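Worksheet for the structure shown next.
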């Protein structure tokens, strides 16, 4: 504002000027006014969004979108103001731009990736994604990089490590993005149990499914509704989300795998609750033995004396 007033004073209230053509001052004054208006629009829109929008994710998305639109409009206005004055320098600018493009190719790739993220929206702030071995929750999508709150790494579960990761946006051009929450907010997980041969596997199967019912039942209802909605947009071959138990015979044990749906951020908690509850139920049955034939002492007659 001070700079605008200063240039306006020189332009209209004094006879002092450096260049014979005062239109340069006019262009500079208009450019500053455009920048000021863009800042005011961005600030006013941000305050309105903070007051009217309660959801944190929607508030973030709207503020980001408004900021980008205002910036694009401001840049377009500045180009329109100065384009006539730079037409004679296009060749020089072209040569200079080619050199800059080579020197800053990684930066330009990140900018291109950022634009592609805005257009295609493979993920949003708050989504849980995986890019190669990097997994985390999206905190911010910037012009050059995407910020994640890391999970896994040295922690053997889907829980935070406490590290903040910054990934260059160029990954969107070449890497596969695995989204845990886009369009469908559930994933399938499995709980694994080993039974000794001779165990009553039929009873074990009934117990596991019965115990799992109250724990994952709420997820199944919600997951089924979301799949029905997804069916309106994608070609789905099944809408089955009911918990299932599958068995496989190994050399020294019978392997049981309980398959179920769960929210990604509750995966470890639900897995712990399922396994502990099912093991507790198995312990009450004399004809169900958990473990492997080589991993327990039931086959050692000396331990029975």
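In this note's numbering, the protein residues as written are 2 to 306. Ideal Cβ positions, reconstructed from N, Cα and C, are used throughout, including at glycine. From a predicted model like this one, the values you see are computed outputs, not experimental measurements.
Of the residues 50, 53, 27 and 70, the one placed nearest residue 39, counting alpha carbons only: 70
Residue 278 - DSSP class collapsed to helix/strand/coil: helix
Buried or exposed (CB count within 10 angstroms, at least 16 for buried), residue 66: exposed
Residue 256, DSSP secondary structure in three states: strand
Residue 150: first and last residue of the uninterrupted beta strand (DSSP E) it sits in: 146 to 152
Alpha-carbon spacing of residue 153 relative to residue 200, whole angstroms: 35 angstroms
DSSP three-state assignment for residue 214, whether helix, strand or coil: helix
Of the residues 36, 130, 173 and 57, the one placed nearest residue 146, counting alpha carbons only: 173
Residue closest to residue 72, alpha-carbon to alpha-carbon, out of 43, 151, 208 and 133: 43
Separation of residue 167 from residue 141, as counted between CA atoms: 9 angstroms
For residue 46 and residue 75, the rounded distance between their alpha carbons: 15 angstroms
Beta-ladder partner(s) of residue 250, from DSSP: 255
CB of residue 128 within 8 angstroms of CB of residue 164, strictly: no
Exposed unless 16 or more other CB atoms sit within 10 angstroms - verdict on residue 279: buried
Segment limits, beta strand (DSSP E) that includes residue 140: 135 to 142
Three-pair Cβ contact test at 8 angstroms for the region 284 to 291 versus the region 218 to 237: no
Alpha carbon of residue 255 to alpha carbon of residue 150, nearest angstrom: 39 angstroms
Range of the contiguous alpha helix (DSSP H) that encloses residue 162: Counting along the chain, residue 162 falls outside any alpha helix (DSSP H), though it belongs to the beta strand (DSSP E) covering 161 to 169.
Spatially closest choice to residue 82 from 51, 28 and 193, by CA coordinates: 28
Per DSSP, cross-strand counterpart(s) of residue 189: 262
Same chain, Cβ closer than 8 angstroms to residue 260, five either side skipped, listed in chain order: 189, 190, 191, 244, 245, 246 and 247
Opening and closing residue of the alpha helix (DSSP H) in which residue 173 lies: 172 to 175
Which of helix, strand or coil DSSP assigns to residue 201: coil
Bridge partner(s) assigned by DSSP for residue 132: 135 and 178
Span separating the alpha-carbon of residue 196 from that of residue 205: 9 angstroms
Simplified DSSP assignment, three categories, for residue 291: strand
Counted within 10 angstroms of its Cβ, other Cβ atoms place residue 236 as buried (16 or more) or exposed: exposed
Selection from 143, 130, 123 and 78 that minimises the alpha carbon distance to residue 108: 143
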